[in-house]
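Keeping their order, the protein sequence lines are chains Z and L.
In terms of the UniProt record's numbering, the first sequence has 141 at position 141, counting the first letter as 1, and numbering is strictly consecutive.
In terms of the UniProt record's numbering, the second sequence has 72 at position 72, counting the first letter as 1, and numbering is strictly consecutive.
Cβ atoms here follow ideal geometry from the backbone N, Cα and C, with glycine treated the same way.
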Amino acid sequence: MTGHFHPYHLVDQSPWPLTAAIGAFGLTAGLVKGFHNSNFNLCFIGLFIIILTMFQWWRDVSREGTLQGLHTNAVEFGLRWGMILFILSEVLFFFSFFWAFFHSSLSPTIELGSCWPPVGVDAFNPFQVPLLNTAVLLASGVTVTWAHHSLIESNFNETSYALLLTVMLGIYFTILQVFEYYQAPFSIADSVYGSTFFVATGFHGLHVIIGTTFLLICLFRHTLNHFSSNHHFGFEAAAWYWHFVDVVWLFLFVSIYWWGSCLFSM
Amino acid sequence: MLRNVITKLSQPARSLIQQNISRGAAASLARGYSSKAHETDEEFDRRYEAYFNRPDIDGWEIRKGINDLCGHDLVPEPQIISAALRACRRVNDYALAVRVVEAMKNKCGNKEKEIYPWLLQEIRPTLDELGINTPEELGYDKPELWLEDVHDIH
């Protein structure tokens, strides 16, 4: 059916890499224009093009896999390693923000009052909303695992139910974090405390939104019967990404929210 | 460390300047240490003094060292403080040097009146050599703005 006698997938011609490049250029040049001229229109156009591209590119991937049968074991092997390496690159991305946080908090400068949290900064009580957020993400880890096991056991109704719960928990986390951001007595401009806090938790929140979206797409695909009990790598990739997001949160909670809120000074 | 001095200070009618600091009895005081802390007082002092005496120490490491030092339940020995002040001189951070003196004053806790003047007396040669003013000489022992709380600005 493929016309070749090897198990690999030589993809058809596609316009999406080109549109992705156009979108990326629009996004980056748009940011420059936005910062210089306070006009972010080009930036939004670029972002919109990128989002459309992602939708169409990945729709093509699921068509090639689910409907055209092109995802052989060899191809799935490649996809697995691709996802693993991508998540690894994201780990390194967050590592840099944790480095920045510890650099600043282990040796607070004079300008902060030589203490952490800095003088005048009211840190969040880690055992209020942040602890709830921790519980929400841990619970979502349980529900996504439940969904996976249900899928493996061909219990497709329960898979949908557990996946829906996972997505709802992800949305709940996002709502809680937005609420916290709104309530925060300090902003990103409040010394290096604000910078490290909002950049680290902000990128994490973005990853939660991405992960929730990925899981939601899996839910839709599942209702269209794309997944079988033994071939559902898209779902596994989403679950891996979701666990990664959860682990990053645990590190954020322990280091920035908990350890970083205890006043220590010289 | 100075916990022996503190014990002696609690005896009234002893003038601070006539103290004879001896360290022998320090180890006999009961402390709630974890099993890991098997360092003697002298080793502790030497370790911190050596840390601050490193010729290539940088500002980050000095601040980290002071933070760690202040995390312990003790008033650091004058030689450690002097080593820290000299480290501040090497990295050209005058503000940090003044802050170090202020932090040591804070570490005296509720025995500040007894310990701090003695401490200043002990580090006075280093202060004079490096030209460091104490927080009191700079007026930093009084509030700069007459606000009790950072949120009191209306």
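How many Å lie between residue 24 of chain L and residue 125 of chain Z at the Cα?
In this prediction, residue 24 of chain L scores a pLDDT of 38, lower than 50, which makes its location untrustworthy; the coordinate-derived value is nonetheless stated afterwards. One C-alpha to the other measures close to 44 Å.
Please tell me whether residue 256 of chain Z has its Cβ less than 8 Å away from any Cβ of chain L.
No, its Cβ sits nowhere closer than 8 Å to a Cβ of chain L.
With a 10 Å radius around its C-beta and 16 neighbouring C-beta atoms as the bar for buried, classify residue 8 of chain Z as buried or exposed.
With fewer than 16 other Cβ atoms within 10 Å, it is exposed.
Contact criterion: CB-CB distance below 8 Å. Does residue 115 of chain L meet it with respect to chain Z?
Output row for residue 115 of chain L: interface = no.
Using a Cβ-Cβ cutoff of 9 Å, what residues of the stretch 52–66 of chain L are near chain Z? List them in chain order.
Per Cβ criterion, the list reads 59, 60, 61, 62, 63, 64, 65 and 66.
Can you give me the Cβ contacts of residue 104 of chain Z inside the same chain, cut-off strictly under 7 Å, excluding the 5 residues immediately before and after it?
Counting only Cβ-Cβ distances below 7 Å, and skipping sequence neighbours, we find 192 and 196.
In the stretch 68–93 of chain L, which residues sit with their C-beta less than 7 Å from some C-beta in chain Z, listed in chain order?
If the cut-off is 7 Å between Cβ atoms, the stretch 68–93 of chain L has 70 and 71 near chain Z.
Is the Cβ-Cβ distance between residue 96 of chain L and residue 80 of chain L less than 8 Å?
Cβ atoms of residue 96 of chain L and residue 80 of chain L: not closer than 8 Å.
Any beta-carbon of chain L closer than 8 Å to the one on residue 264 of chain Z?
By this cut-off, residue 264 of chain Z is an interface position.
What are the start and end residues of each continuous alpha helix (DSSP H) run of 4 or more residues lying completely inside the stretch 61–101 of chain L, in chain order?
Listed in chain order, they are 78–90.
Consult DSSP for residue 262 of chain Z and reduce its assignment to one of helix, strand or coil.
If DSSP states are grouped into helix, strand and coil, residue 262 of chain Z belongs with coil.
Please classify residue 151 of chain L as buried or exposed, where buried requires at least 16 neighbouring CB atoms within 10 angstroms.
Burial call: exposed.
Taking Cβ-Cβ distances shorter than 7 Å, what residues in chain Z pair up with residue 97 of chain L?
Within 7 Å Cβ-Cβ: nothing; residue 97 of chain L doesn't reach chain Z, min ~10 Å.
With DSSP run on the structure shown, which of helix, strand or coil describes residue 115 of chain Z?
Strand.
So for residue 11 of chain Z, helix, strand or coil by DSSP?
Coil.
Measure from the alpha carbon of residue 136 of chain Z to the alpha carbon of each residue in Z:167, Z:113 and Z:120, then state which is nearest.
Checking every option, the nearest Cα to that of residue 136 of chain Z belongs to Z:167.
With a threshold of 8 Å between beta-carbons, can residue 96 of chain Z be considered close to chain L, or not?
Judged by the 8 Å Cβ criterion, residue 96 of chain Z is not in contact with chain L.
Can you give me, in chain order, the residues of the stretch 101–131 of chain Z that have a beta carbon less than 8 Å from any beta carbon in chain L?
The stretch 101–131 of chain Z vs chain L, Cβ under 8 Å: 103, 106, 107, 108, 109, 110, 114, 119 and 120.
Relative to the alpha-carbon of residue 211 of chain Z, which residue among Z:242, Z:218 and Z:229 has its alpha-carbon at the smallest distance?
Taking only the C-alpha atoms, the option nearest residue 211 of chain Z is Z:242.
Who are the neighbours of residue 103 of chain L on chain Z, taking C-beta pairs under 8 Å?
In chain order: 114, 265 and 266.
Would you identify the three-state DSSP class for residue 185 of chain Z, choosing helix, strand or coil?
Coil at residue 185 of chain Z, not helix or strand.
According to DSSP, is residue 246 of chain Z part of a helix, a strand, or is it coil?
Reduced to three states, the DSSP call for residue 246 of chain Z is helix.
Please list the terminal residues of the continuous alpha helix (DSSP H) segment that includes residue 113 of chain L.
Here the alpha helix (DSSP H) through residue 113 of chain L covers 112–130.
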